[in-house]
Amino acid sequence: MREMVAAHDKRQIASGLEQVRRRIGQACTRCGRAPEQVRLVAVTKGRSPEAVRAAYQAGVRDFGENRVEEALPKMEALRDLDDVRWHMIGHVQSRKAPSAVGPFALVHSVDRTKLAARLDRAAVEAHLRLRCLLECNVSGEASKEGWDLAHAQGQPSAMDEMVEVAHLPGLEVVGLMTMAPLAADPETVRPVFRRLADLRRHLEARSPGSWAELSMGMTDDFEVAIEEGATMVRIGRAIFGERG
Ligand SMILES: *Cc1c(COP(=O)(O)O)cnc(C)c1O
């Protein structure tokens, strides 16, 4: 039986979306970008299929999940929806790599060489190329996944590894992703986003063609991320409300 989402919740989701879209538009205006250059990925982890359906009805086509085992049943429950693109945005355990190959339009969270190698192998076996982003740890927080850009010694080898990963035959690397540290004032994380945009320029100069996308910015910091060049923002709470 279909889980019910009250009309009240549907209206809240629609109005949350409207506000997010307006704020994306305003951020684009401030920095002279077109709103079409910023794709909104609605983050649906912990949300019911019916909440996803409400966002779909309000026009969203890109949905982000952070766990494969939560995403797959939700996708199954919503398979009647047309032209939906599912994004994997969370940490993928190496042994679960094969199950992330196929269902997702884009995997944002390729965060280490070992995972890249597993995904590559699974994609080659499945005769497809997996579109993905390479996740970077810009701030150096120990709790963050991704290639380490925070420590000067780490950076050149991180870039070497990322270029190698971009050449794996089963992967189609299309850009970079990062998560900024939690901060009360989003201005404090602006340098994190700027750093990722700089890295993209370096990688593009060194190995052209794989770095168009920058997935950065969440509920608390997406406007700053857009000003620094985000092409995708991943937003949950500003659309669906606080997680219960
Ligand atoms: C949960 C999550 C988001 C969205 O976070 P909100 O603060 O709800 O907007 C974005 N990216 C990742 C990787 C997440 O896990």
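The opening position of the sequence shown corresponds to residue 15 in this note's numbering, with each subsequent residue numbered one higher. Glycine included, every Cβ here is placed at the ideal spot set by N, Cα and C. Quick caveat: nothing in here was measured; it's all calculated off a predicted structure.
_Glu139 beta carbon less than 8 Å from that of Asn151_ = Taking the C-beta atoms as reference points, Glu139 is found no nearer than 8 Å to Asn151.
*Quick one: any contact between the segment 231-244 and the segment 38-47, if contact means 3 or more CB pairs under 8 Å?*
Enough Cβ pairs lie closer than 8 Å, so yes.
*If you measure from the CB of Ala226, is any heavy atom of ligand 1 nearer than 7 Å?*
Not so, every heavy atom of ligand 1 lies at least 7 Å from the Cβ.
*Compute the distance between the beta-carbons of Glu178 and Ala211, then report whether it is under 8 Å.*
The criterion of a C-beta distance shorter than 8 Å is not satisfied by Glu178 and Ala211.
*Check whether the Cβ atoms of Ile253 and Ala119 lie closer than 8 Å to each other.*
The answer is no: Cβ separation not under 8 Å.
_Quick check: what's the CA-CA separation for Ala219 versus Asp96?_
Using only the alpha carbons, I get a separation of about 38 Å.
*When the distance is taken between beta carbons, is Gly189 closer than 8 Å to Leu228?*
Going by C-beta atoms, Leu228 is nearer than 8 Å to Gly189.
*Within this structure, are the beta carbons of Gly250 and Lys59 separated by less than 8 Å?*
For Gly250 and Lys59, yes; Cβs fall inside 8 Å.
*Residue span of the alpha helix (DSSP H) that contains Ile38, given as start and end*: Where Ile38 is concerned, the enclosing alpha helix (DSSP H) stretches over 21-45.
*Quickly, what does DSSP pair Ala56 with across the bridge? List them, please.*
Its beta-bridge partners are Phe77, Ile249.
*Note down the Cα distance separating Leu185 from Glu149, rounded to an integer number of angstroms.*
Each residue's Cα considered, the two are about 14 Å apart.
*Look at Ala131 and Val82 and say whether their C-beta atoms are less than 8 Å apart.*
No, Cβ-Cβ distance for Ala131 and Val82 is not below 8 Å.
*With Met232 as the anchor, note down where its alpha helix (DSSP H) starts and where it stops.*
Segment: none, Met232 is in no alpha helix (DSSP H) and carries neither H nor E.
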